[in-house]
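Structure record follows, encoded as structure tokens.
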Ligand SMILES: Nc1ncnc2c1ncn2[C@@H]1O[C@H](COP(=O)(O)OP(=O)(O)OP(=O)(O)O)[C@@H](O)[C@H]1O
Ligand SMILES: [Mg+2]
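In my numbering, the protein residues as written are 4 to 274.
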């Protein structure tokens, strides 16, 4: 789609003061986990926050937050009310699908229209933050979001330490550069495992690759998050980790990353 054609799709105003996309060139590295926990953490800190899951082919936010099967309501028959987890407002493509097991076969322009509706036809209210979870890669979904929001604040890029995911992630950074979307920083997820019994750290997949790659690409490094076995069961049972396991190493490392992100987007360092 040409830029001119795209312009007619842009929103006049974003529902949020700051919008942050969570991206990665690679699947399964923890984008949705980071997006969900970032949104929850912001919301628990008192920021009016929305979480938008744009993953058409594998929306996982409802499962991570225990909100599967949510039926949205529309008090005026026009706009939809988002689902709510405490004060966090949540919208997932999944809530729009009639059957969760049906594969979604939608072409780019159709996806763009749906994503536009998820912004425009939802009663988001006035948000401080909108966190957008994206599917892996640099396809229609992140492109639509970046084109739709008048001034997206930036992207958080998630990687794991292995070289295989790092090379895919470099592509995500180039995607941001091409769209002039500021890169807030890279998170190295599944970086080492801290034994809960003896506290010894083991670098299962290596460590430090994300930091090296970030410095090589000239973008900030936000930090490492260890492998946390409990996160899988908490995700599967719909208990967001940041909320229930505040004492863990994961939660501590995550919290310092959130503080860094808030600091970055509220200072003049971005845009
Ligand atoms: N730090 C971690 N420790 C342990 N497990 C993790 C960690 N981060 C994510 N996981 C688990 O890895 C799996 C993939 O995570 P997630 O769904 O967040 O990845 P994703 O990048 O969004 O995947 P997709 O590309 O399919 O959208 C999930 O089962 C999640 O619980
Ligand atoms: Mg995901």
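We put the beta carbon where it would ideally sit given N, CA and C, even for glycine. Model, not experiment: these values are computed from the prediction.
**Report entry** Shell residues, 7 Å Cβ cut-off relative to heavy atoms of ligand 2
**Finding:** 34, 35, 58, 61, 63, 136, 138
Query raised in the report: What's the gap between the Cα of residue 114 and the Cα of residue 143?
Result: 7 Å
Query raised in the report: Can you tell which of 45, 78, 61 has the C-alpha that lies nearest to the C-alpha of residue 137?
Result: 61
Query raised in the report: Assuming residue 189 and residue 160 make a contact with CB atoms under 8 Å, what is their CB distance in whole Å?
Result: 5 Å
Report task. Note down the Cα distance separating residue 126 from residue 198, rounded to an integer number of angstroms. Result -> 44 Å
Query raised in the report: What is the DSSP secondary structure of residue 205, counted as helix, strand or coil?
Result: strand
Query - residue 216 beta carbon less than 8 Å from that of residue 186 - result: no
**Report entry** Between the CA atoms of residue 46 and residue 73 - distance to the nearest angstrom
**Finding:** 20 Å
Report task. Drop a sphere of 10 angstroms on the beta-carbon of residue 177, count the other beta-carbons inside from all chains shown, and report buried for 16 or more, exposed for fewer. Result -> exposed
Report task. Please report how far the alpha carbon of residue 154 lies from the alpha carbon of residue 193, in whole angstroms. Result -> 31 Å
Query raised in the report: Is residue 70 near ligand 4, going by C-beta to nearest heavy atom under 7 Å?
Result: Ligands present in the displayed structure are limited to ligand 1 and ligand 2, and ligand 4 is not among them.
**Report entry** Reference residue 30, options 206, 169, 83, closest by Cα
**Finding:** 169
**Report entry** Opening and closing residue of the beta strand (DSSP E) in which residue 133 lies
**Finding:** 130 to 136
Report task. Answer yes or no: the CB of residue 229 versus the heavy atoms of ligand 1, is any distance below 7 Å? Result -> yes
Requested in this report: Could you please give me the residues that DSSP links to residue 197 through a beta bridge?
Outcome: 204
Query - Residues of its chain near residue 81, where Cβ-Cβ distance is below 8 Å and the 5 sequence neighbours each way are ignored - result: 124
Query raised in the report: Does the beta-carbon distance from residue 230 to residue 134 come in below 8 Å?
Result: no
Query - Proximal residues to residue 256 (C-beta, below 8 Å), its chain only, five neighbours per side dropped - result: 226, 227, 228, 229
Requested in this report: Can you have a look at residue 18 and say buried or exposed, based on whether 16 or more other CB atoms are within 10 angstroms of its CB?
Outcome: buried
Query - Alpha-carbon to alpha-carbon, residue 39 and residue 140 - result: 19 Å
Query raised in the report: Which stretch, first to last residue, makes up the alpha helix (DSSP H) that contains residue 47?
Result: 34 to 47
Query raised in the report: Which partner residues does residue 227 have in the DSSP bridge list?
Result: 191
Query raised in the report: Per DSSP, residue 186 is paired with what?
Result: 158
Requested in this report: Say yes only if the C-beta of residue 43 is nearer than 7 Å to one or more non-hydrogen atoms of ligand 1, and no if none qualify.
Outcome: no
**Report entry** Closest by C-alpha distance to residue 149, when choosing among 233, 118, 196, 65
**Finding:** 118
Query raised in the report: Using the C-alpha atoms, what's the distance from residue 37 back to residue 145?
Result: 16 Å
Query - 3-residue-minimum beta strand (DSSP E) runs that sit fully inside the stretch 49 to 131, ordered along the chain - result: 52 to 56, 86 to 88, 91 to 95
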